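These notes are about the structure you will find just below.
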Amino acid sequence: MKVDGGLGQSPDIEKIAAQARTQEEAGYDAVWTAETSHDPFLPIAVAAGHTERL
Numbered sequence: 061m062k063v064d065g066g067l068g069q070s071p072d073i074e075k076i077a078a079q080a081r082t083q084e085e086a087g088y089d090a091v092w093t094a095e096t097s098h099d100p101f102l103p104i105a106v107a108a109g110h111t112e113r114l
């Protein structure tokens, strides 16, 4: 079973990076972000740049 988690909607890039690292360290397989009120690509790009597998 694969497990994923959300990154939230924080405007703080360092907080997004920390959330992604924490989820990766916890063993999550993927992260996602909502695209309802903010650009979804920036948080995902930040997460990818601060993790090894996500």
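Residue 89 in this note's numbering sits at position 29 of the sequence shown, and the numbers go up by one each step.
Each residue gets a CB set at the ideal place from its N, CA and C atoms; glycine is no exception.
Quick caveat: nothing in here was measured; it's all calculated off a predicted structure.
Of the listed residues the options, nearest to residue i (C-alpha basis)
i	options	result
Arg113	Ile73, Ser70, Asp72, Thr82	Thr82
His98	Lys75, Pro71, Gly66, Met61	Pro71
Own chain, CB closer than 7 Å to residue i, minus 5 neighbours either side, in chain order
i	result
His110	Ala77, Ala80, Arg81
Gly68	Gln79
Burial state of residue i (16 or more Cβ within 10 Å)
i	result
Thr96	exposed
Glu85	exposed
Gly108	According to the sequence displayed, residue 108 carries Ala and not Gly. Exposed, since its Cβ has fewer than 16 Cβ neighbours within 10 Å.
Unbroken beta strand (DSSP E) run spanning residue i, endpoints
i	result
Val63	Note, Val63: premise wrong, no beta strand (DSSP E); not H, not E.
Chain-order list of residues whose beta-carbon lies under 6 Å from that of residue i (same chain, five-residue window excluded)
i	result
Ala90	Asp64
Pro100	Thr93
8 Å Cβ shell around residue i - same chain, five flanking residues per side excluded
i	result
Gly87	Val63
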